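In our numbering, the protein residues as written are 122 to 576. Positions of the beta carbon are idealized from the N, C-alpha and C atoms, including for glycine. Keep in mind the model is a prediction, meaning the values are calculated, not measured. Note sheet for the following structure.
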């Protein structure tokens, strides 16, 4: 039986729910990343590092709330904090002490954050960061890097260096950003020629939470460039914040950004985001005299800014993460998983395949067109291939095959380790990976050949 046939056989209730969903949602899903053919999984509960789908299948989870759950599903301290807050109120329509405790923790862990503004999501946080940069500098242009993801909003929707516009994006809005390659010489050339640049924004470990890794020292060198040309640096730490280190990638790399965007781990797995940074920049959110309020202040509302439930969960999360132990533990597991995956890839001499990552964040590429040596990622692999995980047909089979063997990788090509994962989970994941690679190599596993082996 093929990988796809096995998947269908094991998940009849998920298939039935998807049939209903297609009448309710575009393509039957509520998030593009969850779309997969022939149908996505439907999950009914999670605990620790595990999830159970509606057909009763148990899986080791590497989505981890899209990276938000560094402590795993249902950590007792977070559950207790949210339950206590539920009894006290879901929404006060007023300021509350929890927001102060939350902000104090963020300031303590991120050296460069002097003040904080909470939002309801990471996307909103990056929107606010751009507004702040433009308000502070009185300049219109934002430089962003090709392939880096900063939310789905219009202001950063264009992420390629060509003239292609995403569907529905206005030409004028696209012109407010300059998309550059991961090349500091190129960036400096733009900064030298343009005096209207407000800020540079990037994911500090590389596009798509490190799927396209940055060269060593890139972030530090970029910080020097932005200082040289008087341009603000915005670090989008929505994924990396409190995960790669308590103070994010900036702590690890010894860099202090002017503005930082946060979400995911920050809110303990509940919806929530924030922008933090220099007080003189965030001053543009503050009230002043009539002239300031009219001409310089950014108006900012938001029903769920610093929502009490998110604040309670975020405080519980950050109090545990603060000493760095969960980050270090999850990173060690991630490094073991990557090394073991590459051992299985090399054993089968699969060219263009490799596992790689950054501590607790892992990635897998399958059948890349440049055919690099099995298990040894070629840094020259095109950005678009790294972002999609290589050959889409192979990634699809890897995704379904791993699920068939009890492991749910994020979109079949990435994963987040947590403090709830164990060495036994990693060993089981390696066994599932090996079995899936063997299944992909079987003649009936896929409609077209796609596994090249070194001779």
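Test item: CB-CB of residue i and residue j under 8 Å
i, j, result
"residue 455", "residue 480", "yes"
"residue 340", "residue 347", "no"
"residue 435", "residue 388", "yes"
"residue 186", "residue 360", "no"
"residue 451", "residue 544", "no"
"residue 254", "residue 237", "no"
"residue 319", "residue 402", "no"
"residue 441", "residue 192", "yes"
"residue 458", "residue 483", "yes"
"residue 241", "residue 473", "no"
"residue 196", "residue 428", "no"
"residue 205", "residue 433", "yes"
"residue 324", "residue 257", "no"
"residue 411", "residue 169", "no"
Span separating the alpha-carbon of residue i from that of residue j
i, j, result
"residue 201", "residue 337", "41 Å"
"residue 501", "residue 460", "21 Å"
"residue 292", "residue 437", "44 Å"
"residue 572", "residue 561", "Reliability of the predicted coordinates at residue 572 is poor, the pLDDT of 49 falling under 50, and the value obtained from them is presented with this limitation in mind. Answer to the nearest angstrom: the Cα atoms are 8 Å apart."
"residue 288", "residue 159", "26 Å"
"residue 351", "residue 152", "38 Å"
"residue 392", "residue 563", "42 Å"
"residue 335", "residue 530", "23 Å"
"residue 492", "residue 328", "21 Å"
"residue 405", "residue 368", "25 Å"
"residue 523", "residue 515", "12 Å"
"residue 576", "residue 486", "Note that residue 576 has pLDDT 39, beneath the 50 cutoff, so the model's placement of it is unreliable and the number below is only indicative. In a straight line, the C-alpha of residue 576 is about 20 Å away from that of residue 486."
"residue 272", "residue 127", "35 Å"
"residue 470", "residue 494", "8 Å"
"residue 306", "residue 364", "30 Å"
"residue 398", "residue 235", "5 Å"
"residue 285", "residue 313", "25 Å"
"residue 138", "residue 278", "31 Å"
"residue 468", "residue 510", "20 Å"
"residue 166", "residue 304", "44 Å"
"residue 219", "residue 465", "48 Å"
"residue 408", "residue 259", "18 Å"
Strand pairing of residue i, partner residues [DSSP]
i, result
"residue 355", "322, 380"
"residue 537", "482"
"residue 70", "Because the chain is modelled from 122 through 576, residue 70 falls outside the range shown and cannot be assessed."
"residue 362", "366"
"residue 171", "168, 181"
"residue 477", "484"
"residue 528", "181"
Same chain, Cβ closer than 7 Å to residue i, five either side skipped, listed in chain order
i, result
"residue 526", "553, 556, 557"
"residue 377", "232, 233, 371"
"residue 463", "475, 476, 496"
"residue 275", "290, 294"
"residue 315", "262"
"residue 366", "372, 373, 445, 448"
"residue 550", "181, 458, 528"
"residue 221", "none"
Residue i, enclosing beta strand (DSSP E) - first and last residue
i, result
"residue 239", "236–240"
"residue 301", "298–301"
"residue 179", "179–182"
"residue 559", "Not the beta strand (DSSP E): residue 559 falls in the alpha helix (DSSP H), residues 544–561."
"residue 395", "394–398"
6 Å Cβ shell around residue i - same chain, five flanking residues per side excluded
i, result
"residue 250", "355, 380, 382, 396"
"residue 154", "532"
"residue 132", "176"
"residue 506", "489"
"residue 134", "175, 176"
Neighbourhood of residue i by C-beta, 8 Å cutoff - its chain only, sequence neighbours within 5 removed
i, result
"residue 150", "142, 156, 161"
"residue 308", "264, 301, 321, 343, 346"
"residue 229", "443"
"residue 179", "171, 172, 173, 527"
Bounding residues of the alpha helix (DSSP H) (the contiguous stretch that carries residue i)
i, result
"residue 216", "Looking at the DSSP string, residue 216 is not in any alpha helix (DSSP H), and its letter there is neither H nor E."
"residue 448", "446–468"
"residue 308", "305–314"
"residue 413", "411–416"
"residue 140", "133–142"
"residue 248", "243–258"
"residue 525", "513–525"
"residue 330", "328–331"
"residue 440", "429–442"
"residue 198", "197–209"
"residue 506", "504–509"
Residue-level contact to chain B via CB, residue i, 8 Å cutoff
i, result
"residue 309", "Here chain B cannot be found, since the structure has a single protein chain."
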